[in-house]
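Quick mapping for you: the protein sequence lines, in order, are chains D and C.
When we follow numbering that gives the first Met the number 0, the leftmost residue of the first sequence carries the number 0, and every step to the right adds one.
When we follow numbering that gives the first Met the number 0, the leftmost residue of the second sequence carries the number 0, and every step to the right adds one.
By construction, the Cβ of each residue, glycine as well, lies at the ideal position given by its N, Cα and C atoms.
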Amino acid sequence: MAEPRFFSKEWADAVGDALTAGPSEQARGAKLQEYWDFFELIKSMYPASWALGCRDLPAGLGAGPAYLRVQWAGGVVTDCRIVGPDDPLEATYVLGMDYADWKALHEGYDAQRTVMYRKILLEDGDLLEFFTSIYFFVECLSVIAAVPADYPALARR
Amino acid sequence: MTERKSPTAVLHEGPRALTDDQVREIEESDLAGVLNVDIDDVIEYVHKDLKSLPDFTTLYRKYLKQRWNVYDLDFTQDKIDWKEKMTEDERQSFMAIASGFHHGERQVEIELPVFMIGASEEEKIHIAAQIEDEARHTVFFDRFYREVVGFEGDDIMGILDASFPWVAETFVGPFGLLAYQADEVRQNPYDERARVRYGTNYFLWIEGVLALSVMKVTLSYARWRGFLPAYYTGFTATCRDESRHVQGGMRYLQDAVRKDPTMIKEIHDTLRTILMISGVNSRQIYYEPLGWTEDEVRMLFFLQLRRKLNDVGIDLSPDLEELLQQVQPVLAGG
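Written out as structure tokens, the structure is:
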């Protein structure tokens with residue numbers, strides 16, 4: 000079966016399921032339990048939504064900028080869908096990243112460095128509030144990156 | 000390196016008074032002479048001028064006198080110590096701490112230029128010098144990892160890639176925040192509130208608390224064991240550089256609050272976020288091979304934070320005091 004296209008509805012559905020399920024056992028085994036306890040605490044009460052943008056989504060994938068909108072409530076993702084450039088964009092935190100960096104993240108580039116090196120940037124939202132749950136966000140970014148998808152080698156810098 | 004007291008002795012001794020001779024030794028030692036300077040004296044020296052903070056021109060004049068050449072260091076003995084004298088446990092603990100610095104120096108180097116835009120002319124000169132310091136510190140770690148640890152890489156990023164596996168996942172807390180704060184300042188370079196939030200994370204927390212505390216762990220180990228003389232020399236000189244950065248940063252924050260007392264809210268809000276994520280560890284770092292326990296290191300963090308706040312006259316709000324109590328360990332026997 001072919002993998003869903005990056006930034007397709009099928010991919011967004013898979014991302015929503017993966018985020019609700021959380022990090023893999025392999026990822027969990029590499030870090031201390033107290034870290035995952037903090038992660039689960041944040042996850043259980045996280046009330047916010049993210050709009051994770053791809054600034055230059057290739058035309059073959061729908062053309063950008065487009066956003067993956069993720070709504071959290073009660074420890075699960077209650078809504079996960081693609082929001083196009085012409086749709087209204089409402090989210091607690093809006094972040095943006097180039098297609099090449101999304102692709103690199105999928106191919107194994109570190110999620111922590113993706114934040115630290117400003118490959119993904121906060122475009123709208125309260126920065127200090129956002130960082131109170133930064134470990135949760137970074138782990139979720141890794142989960143999103145690991146969802147199987149077709150990332151065509153179209154956009155190169 | 001004649002004195003061999005325990006690495007944690009200063010925790011039990013408390014603040015010390017520096018004599019004029021000690022201050023002169025710290026301020027005027029050339030790079031070779033830095034090997035004989037006690038790291039505890041340099042950390043104390045950071046606080047010496049915090050109550051009457053020097054102006055930026057004075058700090059720049061000190062920079063010109065204290066600037067050192069990172070290529071003058073000879074890591075030959077360090078390589079012998081690393082490979083033949085240190086145990087595997089000691090090497091792993093050292094790497095876990097030094098790698099945070101390797102990446103941290105790079106981060107504070109590249110995130111600082113935007114802060115210069117909204118600064119006074121005198122502060123711009125001081126910041127320009129600080130950027131050069133941070134670049135030199137990045138090269139210092141690049142040399143240490145290549146010549147002592149034995150990492151190979153085509154360029155500076157290649158060596159950063161090699162040491163990254165030792166960096167804890169929680170590193171993104173203060174350093175990711177700094178990257179995003181720098182972007183906030185880049186977009187609005189004259190937004191004084193954004194600058195104060197940035198300055199609180201950069202100068203007070205990262206440089207004043209994290210850096211000075213963790214520097215002490217590896218440096219007091221090196222002094223205690225008589226190992227890694229070039230590392231001790233270069234990193235103690237780095238600590239002397241940091242004293243100027245912390246004093247300049249505290250000067251900036253103190254001036255900002257004096258000019259507009261409502262700025263204290265920005266400092267408190269920033270510290271609240273930092274403290275909320277500071278009590279969590281993602282991996283076990285064994286400080287014991289270097290002569291420390293985790294609680295002693297964290298106690299060092301909070302001693303450094305309290306001293307900075309007290310010295311520059313910044314009070315904590317009641318909720319921050321409570322948060323600090325929650326994350327601050329009790330030092331057994333302290």
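Could you check whether residue j and residue i sit closer than 8 Å to each other, using their CB atoms as the reference points?
i	j	result
C/Leu-322	C/Met-262	no
D/Leu-60	D/Tyr-92	no
D/Leu-126	C/Tyr-179	yes
C/Leu-111	C/Val-195	no
C/Phe-143	C/Ala-161	no
C/Asn-200	C/Thr-269	yes
D/Pro-57	D/Pro-147	no
D/Met-115	C/Gly-175	yes
D/Tyr-98	D/Cys-139	no
C/Val-245	C/Phe-202	yes
D/Thr-131	C/Thr-237	no
D/Phe-5	D/Trp-101	yes
C/Glu-133	C/Phe-55	no
D/Tyr-134	C/Glu-293	no
C/Gly-117	C/Tyr-189	yes
C/Arg-305	C/Gln-65	no
D/Val-69	D/Gln-111	no
D/Ala-11	D/Ile-81	yes
Below 7 Å on C-beta distance, what does residue i contact in chain C?
i	result
D/Ile-133	Val-171, Gly-172, Gly-175 and Ile-276
D/Arg-117	Ala-178 and Asp-182
D/Leu-37	Looking at the sequence itself, residue 37 of chain D is Phe, so the reference to Leu does not match. Within 7 Å Cβ-Cβ: Val-279.
D/Tyr-70	Tyr is not the amino acid found at residue 70 of chain D; the sequence shown has Gln there. Within 7 Å Cβ-Cβ: nothing; D/Gln-70 doesn't reach chain C, min ~22 Å.
List, in chain order, every chain D residue whose beta-carbon is nearer than 7 Å to that of residue i.
i	result
C/Thr-272	Leu-127, Phe-130 and Thr-131
C/Ser-281	Lys-30, Leu-31 and Tyr-34
C/Gln-91	Result: empty, since nearest Cβ-Cβ is about 16 Å, beyond 7 Å.
Name the chain C residues that come within less than 9 Å of residue i, Cβ to Cβ?
i	result
D/Val-137	Glu-168, Val-171 and Gly-175
D/Val-142	The contacting residues do not exist; D/Val-142 stays about 14 Å from chain C at best.
D/Val-93	None at all; the shortest Cβ gap to chain C is about 13 Å.
Does DSSP put residue i in a helix, in a strand, or in coil?
i	result
D/Met-96	strand
D/Asp-12	helix
C/Gly-333	Legend: pLDDT at C/Gly-333 = 25, less than 50; position of this residue unreliable, value from coordinates given subsequently. In this structure, C/Gly-333 counts as coil in the three-state DSSP scheme.
D/Arg-156	Note that D/Arg-156 scores a pLDDT of 47, beneath 50, so its modelled location is shaky; the value from the coordinates is reported in the next line. Looking at D/Arg-156 - three-state DSSP - the assignment turns out to be coil, as it is neither helix nor strand.
D/Ala-1	coil
C/Thr-1	The predicted position of C/Thr-1 is uncertain, since its pLDDT is 45 and thus under 50; a value taken from the coordinates is nonetheless stated next. Correct three-state label for C/Thr-1: coil.
D/Glu-122	strand
D/Gly-59	helix
C/Tyr-59	helix
C/Trp-81	helix
C/Ile-313	coil
D/Thr-131	coil
D/Trp-49	strand
C/Trp-67	coil
C/Val-33	helix
D/Leu-67	strand
C/Ala-167	coil
C/Phe-306	According to the sequence provided, residue 306 of chain C is Arg. The question's Phe does not apply to it. DSSP places C/Arg-306 in helix when its eight states are reduced to three.
C/Val-279	coil
C/Ala-161	helix
C/Thr-269	helix
D/Asp-86	coil
C/Asp-88	helix
D/Asp-36	helix
C/Leu-319	helix
Between residue i and residue j, how many whole angstroms is the CB-CB distance? I'm expecting something under 8 Å.
i	j	result
C/Phe-139	C/Val-213	Not a contact, Cβ separation roughly 15 Å.
C/Arg-250	C/Leu-63	Contact doesn't hold; Cβ gap of about 18 Å is too wide.
C/Tyr-197	C/Val-184	5 Å
D/Leu-31	D/Val-142	So it is not a contact: roughly 19 Å between Cβ atoms.
C/Thr-86	C/Pro-288	7 Å
C/Thr-232	C/Leu-30	6 Å
C/His-102	C/Tyr-59	Not confirmed; about 27 Å, so no contact.
C/Leu-177	C/Ile-205	7 Å
D/Tyr-34	D/Leu-51	That pair is no contact at about 23 Å.
Since residue i meets chain C, which of its residues come closer than 8 Å, beta carbon to beta carbon?
i	result
D/Leu-120	Tyr-179 and Asp-182
D/Gln-25	Under the 8 Å cutoff, chain C gives no residues; its nearest Cβ is about 15 Å from D/Gln-25.
Kindly list, in the order they appear in chain D, the residues whose Cβ is closer than 8 Å to that of residue i.
i	result
C/Gln-106	Met-115
Problem set entry | Sequence ranges, alpha helix (DSSP H) only - wholly within the region 172-236 of chain C, length at least 4 | Considered as a whole, the region 172-236 of chain C harbours 191-198 and 211-224 as its complete alpha helix (DSSP H) runs of no fewer than 4 residues, in chain order.
Exercise. Taking Cβ-Cβ distances below 8 Å as the criterion, which residues of the region 253-271 of chain C are in contact with chain A?
Worked result: Annotation note: the requested chain A is absent from the structure, which comprises protein chains D and C.
Exercise. What runs of the alpha helix (DSSP H), each 4 residues or longer, lie entirely inside the region 93-155 of chain C?
Worked result: Qualifying alpha helix (DSSP H) stretches, in chain order: 112-116 and 120-143.
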